[in-house]
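Structure, as structure tokens:
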Amino acid sequence: MGRLTDRWTGTRYPRHGVGARPAPEVRAALLALNGPGVRFVVREGTPKEGADLVAEFEYPALDVTLKTRMRLDPAAHEVRVLEEQWEPTADSARRQYGRGPANKVFRQWENTKGSDGRRHKTETFRFSTQDMRNPLQRAVLGAGWTWRGVLFKL
-18 MGRLTDRWTG
-8 TRYPRHGVGA
2 RPAPEVRAAL
12 LALNGPGVRF
22 VVREGTPKEG
32 ADLVAEFEYP
42 ALDVTLKTRM
52 RLDPAAHEVR
62 VLEEQWEPTA
72 DSARRQYGRG
82 PANKVFRQWE
92 NTKGSDGRRH
102 KTETFRFSTQ
112 DMRNPLQRAV
122 LGAGWTWRGV
132 LFKL
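If you want it as structure tokens, here you go:
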């Protein structure tokens, strides 16, 4: 039953033969993802969030917030992960909340006038949920730990 729910929760396992590193090294690898070319931030979690680390992406122009809360479990060599999204509804009247590993692409378009005098739609912004998830997963799996997706409780 476990492998079936792994598909729903986005759980990934490290390759066989990859030795598990200590928890401080996993934490350091996740925090090391911060940098000038990265659109999201990995930070220490607050007691209110109930997580050891939090990866967060916000784009106010589209009213989108993505948050990945992570709790390190050194005994099981796994990082328990709760992925959350806040995005506008179809009518943009309010925000809707979702959790779990959603594969979405957020885009912003602009109408511009081309050299031929016709209007063209040009993409000015693009961000995929995988742009944040993949580097986090690579850091965890590369350290020999399991990326354990959860839907309710860290």
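Residue numbering for the sequence shown follows the numbering used here, starting at -18 and increasing by one per position. Cβ atoms here follow ideal geometry from the backbone N, Cα and C, with glycine treated the same way.
Counting only runs of 3+ residues, the beta strand (DSSP E) found wholly inside the segment 18 to 104 occupies 22 to 25, 34 to 40, 45 to 54, 59 to 69, 76 to 80, 86 to 94, in chain order. Shown here for residue 101: same chain residues with a beta carbon closer than 8 Å to its own, the five before and five after excluded, namely 92, 93, 94, 95 in chain order. In the DSSP assignment, residue 119 falls within the unbroken alpha helix (DSSP H) covering 110 to 123. For the 8 Å CB-CB criterion, residue -7 and residue 118 form a contact. Rounded to the nearest whole angstrom, the CA to CA distance from residue 75 to residue 45 is 11 Å.
Taking residue 135 as the centre and dropping the five residues before and after it, the same chain places the C-beta of 31, 32, 50, 52, 61, 63 closer than 7 Å to its C-beta, in chain order. The DSSP-derived three-state label of residue -14 is helix.
In the three-state reduction of the DSSP assignment, residue 8 falls in the helix class, which pools H, G and I. The straight-line gap separating the alpha-carbon atoms of residue 88 and residue 107 is approximately 5 Å.
Taken through DSSP and simplified to helix, strand or coil, residue -9 comes out as coil. Nearest Cα to residue 84 within the set 66, 73, 72, 120: 66.
Residue pairing by DSSP places residue 106 opposite 89 in a beta bridge. CA-to-CA, the gap between residue 69 and residue 41 works out to about 11 Å. With fewer than 16 other Cβ atoms inside 10 Å of its own Cβ, residue -14 counts as exposed. Rounded to the nearest whole angstrom, the CA to CA distance from residue 14 to residue 25 is 13 Å.
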